[in-house]
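Q: Here it is, the structure in full.
In the working numbering, the protein residues as written are 267 to 452.
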């Protein structure tokens with residue numbers, strides 16, 4: 267057994283296996299994030315439709331939250347606060363007629379918390395889409411994203427004058443570190 271730990275081929279093989287495990291973990295976390303955000307997008311659309319047929323102050327979102335949390339107690343994404351954020355996120359992008367499935371798939375490339383920061387801090391869909399791209403390109407944490415939006419509001423305007431991309435695609439070959447991605451999104 268001790269001979270294996272000193273064997274050069276074994277050590278290289280072990281390094282390769284560890285790398286494949288990390289790649290598999292990244293793929294799984296990315297798939298979970300994408301599926302969750304696609305679910306939130308559709309849930310946001312459903313909530314908006316249902317709210318059109320309810321009276322103001324009916325407690326619809328609170329009741330929905332209680333019912334979902336009762337059925338799925340291990341999932342933290344169904345709090346009243348988060349359901350309001352899901353609705354707000356959907357409405358923010360849906361108000362723009364040109365937002366389609368391409369944009370939804372683009373929005374799913376960053377975690378839920380990043381999406382919430384962006385819609386709370388950005389005034390326009392174009393500005394928001396600009397900041398959706400930055401964590402993908404630069405692997406920004408949520409706090410870095412928040413700092414960049416708050417401290418450099420002119421950055422968006424300067425870049426927009428140079429070019430005006432509508433939907434941006436992430437650079438190929440760039441991997442995002444999704445270690446620590448949890449089902450618990452708030």
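Even glycine gets a Cβ: it sits at the ideal position worked out from N, Cα and C.
Does residue 404 pass the burial test, meaning 16 or more other C-beta atoms within 10 Å, or should it be called exposed?
A: Burial is judged here by how many other beta carbons sit within 10 angstroms of a residue's own beta carbon; residue 404 has fewer than 16 and is exposed.
Q: Relative to the C-alpha of residue 391, which residue among 379, 357 and 402 is closest?
A: Taking residue 391 as reference, the option from 379, 357 and 402 with the minimal CA-CA separation is 357.
Q: Can you look up residue 269 in the DSSP assignment and give me helix, strand or coil?
A: helix
Q: Can you tell me whether residue 390 is helix, strand or coil according to DSSP?
A: coil
Q: Is residue 318 helix, strand or coil when you go by DSSP?
A: coil
Q: Taking Cβ to Cβ, would you say residue 353 is nearer than 7 Å to residue 310?
A: yes
Q: Give me the Cβ distance between residue 383 and residue 411, rounded to the nearest whole Å; I'm assuming they're in contact under 8 Å.
A: Separation of the CB atoms of residue 383 and residue 411 is rounded to 6 Å, and the pair is thereby assigned contact status at 8 Å.
Q: May I ask which residues mark the beginning and end of the alpha helix (DSSP H) holding residue 348?
A: 346-360
Q: Please state the DSSP three-state secondary structure of residue 338.
A: Looking at residue 338 - three-state DSSP - the assignment turns out to be coil, as it is neither helix nor strand.
Q: Terminal residues of the continuous alpha helix (DSSP H) containing residue 409?
A: Residue 409 -> alpha helix (DSSP H) spans 408-417.
Q: By a C-beta neighbour count over all protein chains shown, 10 Å radius and 16 as the cutoff for buried, is residue 339 buried or exposed?
A: Here residue 339 is exposed: its Cβ has fewer than 16 other Cβ atoms, across all protein chains shown, within 10 Å.
Q: Leaving out five residues on either side along the sequence, give the residues of the same chain with a beta carbon under 6 Å from the beta carbon of residue 251.
A: In the structure as shown, the chain begins at 267 and stops at 452. Residue 251 is therefore absent and cannot be evaluated.
Q: Within 10 angstroms of its Cβ, does residue 381 collect 16 or more other Cβ (buried), or is it exposed?
A: Under this definition residue 381 is a buried residue.
Q: Are residue 385 and residue 401 touching if we call contact CB-CB under 7 Å?
A: no
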